[in-house]
DNA sequence: TCTGGGGTCCTAGGACCC
DNA sequence: TCTGGGGTCCTAGGACCC
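So, in structure tokens, the structure goes:
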């Protein structure tokens, strides 16, 4: 039987999460800001209608904010993560297989479901159930490939007459939609590619679908060839039964204010290394390589710039925060130069393996090979358990004390759903 | 004054081997 | 005087995604 995908995507996800707990702002334009309250990363439909662009630095739209009374929100990932989880749990109850693609999207396998209910009716059922259970609006696109399902969702969002659900399983309908969708809206076609394609006279999705596959492969890559095949209804991205494990884990942040001193940077890097290692343990992985980077603010073109990274291979793959923090600080010291205003730092873990990929230590005495590891794992498990109950109770001494790097979050909403003290009150 | 964070995949080219 | 060819592995960089 031919596979059918449903693509479910939350509308203005972060903005909708904020509005859910602020019914007083129902018709008010709001935007959600990136870390450090830097850029706009989400907009309510009212803010979109005012022409506020995605990604714009907030200081560039100050006059609009004042003029239209746009409400600002700092990113509240604790809230969005919890709301996302609720949406996904709801979807998992509706379909036999769900691929969570990002914080606000998922693909559902709905092959054969049309024996019981029409695809469009199923889409409406998904939409209504999520709204009923979680309170967030979603759109649903249905098609024989993921790329077409994303495009169906684009249409569901763009055209009000669809009421948020588009069934694109019919090939004639596929071609009619492709003809009116600009090529840059296709999943997998970004800014650079769309410029090149337009130069070749390919401006809409249908023209891309009708381009010779060998030409696409030669002029671009197999990736774009695959996209064209998917637009023609041939599924190239199948279901992963075992989602592949992570290949790298990163923790990086811009600082709330520029940092100059090594001790201030050390505190930040120790903290990021700790966070990255927590994620590593969360996925039961071990890191074989560590990369540290620091950089100044590239947007401040009138001041001295510096950007450097350093990496080190870990002799034995590890998930021990003590070792990773120590190594990260060593790398930081090797690249630090005084006299710069640093704006950002980060720690990346790579060469990740699971337990079966661990090498035994050649230099441990026979019979005690795993003793050190067992001790380390017990210690880390205790740390994680305490920090799970009460966030950031235990940390490396290097990361402790007053921190100069904390980010700006001047418009942060409460953790409505994850902190008892912040529960919304109904009067 | 103020410009996010975290990922994946593919390709080209160099090093190295026989 | 003539100066190969094919294969693998690794890395850096670029493109994309949300």
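Residue numbers (our numbering): 597 to 1023.
C-beta atoms are modelled at their ideal positions from N, C-alpha and C, and glycine is treated no differently.
Check                                                                                                : Outcome
7 angstroms CB neighbourhood of residue 727 in its chain, flanking five on each side removed         : 733
Identity of the residue in 805, 643 and 977 nearest residue 612 by Cα                                : 643
Burial state of residue 654 (16 or more Cβ within 10 Å)                                              : buried
Cβ shell of residue 752 (< 7 angstroms), same chain only, five flanking positions each side left out : 735, 736, 737, 758, 760, 761 and 762
The region 865–882 / the region 930–943 touching (three or more Cβ pairs under 8 angstroms)          : yes
Residue 601 vs residue 669 beta-carbon contact at 8 angstroms                                        : no
Burial state of residue 609, where buried means 16 or more other Cβ atoms lie within 10 Å            : buried
Per DSSP, the bridge partner or partners of residue 702                                              : 604 and 696
Rounded C-alpha distance that separates residue 826 from residue 878                                 : 35 angstroms
Three-way DSSP call (helix, strand, coil) for residue 893 in this model                              : coil
Residues bridged to residue 886 (per DSSP)                                                           : 908 and 945
Backbone CA spacing between residue 833 and residue 742 [nearest angstrom]                           : 7 angstroms
Residue from 897, 902 and 884 with nearest C-alpha to residue 891                                    : 902
Residue 735: first and last residue of the uninterrupted beta strand (DSSP E) it sits in             : 734–739
Bridge partners - residue 940, DSSP secondary structure assignment                                   : 850 and 891
Per-residue DSSP class, three states only, for residue 901                                           : coil
Assigned exposure category for residue 898 - 16 Cβ within 10 Å defines buried                        : exposed
Beta-bridge pairing of residue 639 - partner residues as DSSP gives them                             : 627
Pairwise C-alpha distance: residue 685 and residue 768                                               : 34 angstroms
Buried or exposed (CB count within 10 angstroms, at least 16 for buried), residue 740                : buried
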